[in-house]
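In this note's numbering, the protein residues as written are 10 to 285.
A virtual CB, placed ideally from N, CA and C, is assigned to each residue, including glycine.
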Amino acid sequence: MKLFLKTKDFSVSGEPFELHWDEDLDMLVTLPQPENLTPYYESENYISHTDSKKSFTDRLYHLVKLKNLKNKIQIIEYQVDKAITLLDFGAGTGDFVITAKNSGFKVVGVEPNEKARQLASQKGIELQPSLGDLTGQKFQVITLWHVLEHIPNLEDQIASLVSLLDEDGILVIAVPNFKSSDAKYYKSYWAAFDVPRHLWHFSKKSISKLFDKHKMEVVKIKPMWFDAFYVSILSEKYKGNHLGLIRGFFVGLWSNARAVFTKEHSSLIYILKKKQ
10 MKLFLKTKDF SVSGEPFELH WDEDLDMLVT LPQPENLTPY YESENYISHT DSKKSFTDRL
70 YHLVKLKNLK NKIQIIEYQV DKAITLLDFG AGTGDFVITA KNSGFKVVGV EPNEKARQLA
130 SQKGIELQPS LGDLTGQKFQ VITLWHVLEH IPNLEDQIAS LVSLLDEDGI LVIAVPNFKS
190 SDAKYYKSYW AAFDVPRHLW HFSKKSISKL FDKHKMEVVK IKPMWFDAFY VSILSEKYKG
250 NHLGLIRGFF VGLWSNARAV FTKEHSSLIY ILKKKQ
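Now the structure itself:
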């Protein structure tokens, strides 16, 4: 694999990391990959596990999240008829599980991080710690909202997820897109690289090739418009730009405008089904 760029963990440790390009899969790989990733999540800065609302970017994250939760349900309901069972893998503090439950789904959530599970429990949602706790179950919908990039043993985890999916079910995966205009603009400062918590960095080609091995195919790709703004504002923060809010907004706007033509949005939602 070729060295693609050098970056660092901007939000927790400050440690340097490298991104190497897997040419066959068209995917970037974070190196080195720490054996114990837990310390890199143990920070108030890691908002999806803490629900922090201290900074402006924290509050912006929650504002965008509320809008995205509704959009996610609409995407699922548009793709399937009368879906009842849903598995949310990497459920964080449980907000999507709550939204799906309130929308009529019978929902199971899996979240490896103990602190995030505790916060979910305070909201009345009990999450499972691993996929191994679901052996023998089947789901009509399985969702991973910005989760696939985090999981070690990628091939094994994909195989486990596919084994839990109904034959006519859908797998919904949202991940950052390192080929977006905002990624190319910010380079090593791009907040969605988020090393070392993000172990893998995907393109459209890599998602198709990874899941083709498991007899899955991409049937639809949807953009996540708000991500370009949030990621760009956070990237400006990493650059130390005091006018980052304004500049980040316009970079996000520019990235979305380019994506209308290139289809390379800051983050993409992939809807996959088993090949018939």
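**Report entry** Identity of the residues DSSP links to Pro233 by a beta bridge
**Finding:** The question names Pro, yet the displayed sequence has Met at residue 233. Note: Met233 is not bridge-paired with any residue in the DSSP secondary-structure output.
Query - Alpha-carbon to alpha-carbon, Leu157 and His58 - result: Here His58 scores only 47 on pLDDT, less than 50, and its place in the model should not be relied on; the value that follows carries that caveat. Whole-angstrom Cα-Cα distance: 16 Å.
Query raised in the report: Looking only at its own chain, which residues have a Cβ that is under 7 Å from the Cβ of Val89, when we skip the five neighbours before and after it?
Result: The residues are Gln149, Val150 and Ile179.
**Report entry** Residue from Asp33, Ile216 and Phe258 whose Cα sits closest to the Cα of Asp8
**Finding:** The structure shown does not extend to residue 8, since the chain is modelled only from 10 to 285, so the question has no answer here.
**Report entry** Candidates Ala201, Ala268 and Lys218: closest to Ser241 by CA position
**Finding:** Nearest C-alpha to Ser241: Ala201.
Report task. Have a look at Ala266, Phe114, Leu143 and Thr39 and flag the residue whose alpha-carbon is nearest the alpha-carbon of Phe238. Result -> Looking at the Cα atoms, Ala266 is the closest of the given residues.
Requested in this report: Look up His58 in the DSSP assignment and say whether it is helix, strand or coil.
Outcome: Residue confidence is low: His58 scores 47 on pLDDT, short of 50, so the model does not pin down where it sits. No coordinate-derived value is stated.
Query raised in the report: Which residues in the same chain as Asn250 place their Cβ atom closer than 7 Å to its Cβ, once the five residues preceding and following it in sequence are excluded?
Result: So the qualifying residues of the chain are Arg256.
Query raised in the report: Do Arg206 and His155 have their CB atoms nearer than 7 Å?
Result: The answer is no: Cβ separation not under 7 Å.
Requested in this report: Kindly list the residues whose CB is nearer than 6 Å to the CB of Lys11, restricted to its own chain and excluding five residues on each side of it in sequence; keep chain order.
Outcome: Within the same chain, Lys11 has close Cβ partners Trp30.
Query - Reference Tyr50; option with closest CA among Gln83, Lys115, Asn122 and Asp33 - result: Residue Asn122 holds the alpha-carbon nearest to the alpha-carbon of Tyr50 among Gln83, Lys115, Asn122 and Asp33.
Report task. Return the CA-CA distance between Leu28 and Pro43, expressed in angstroms with no decimal places. Result -> Linking Leu28 to Pro43 through their CA atoms gives a straight-line distance of about 14 Å.
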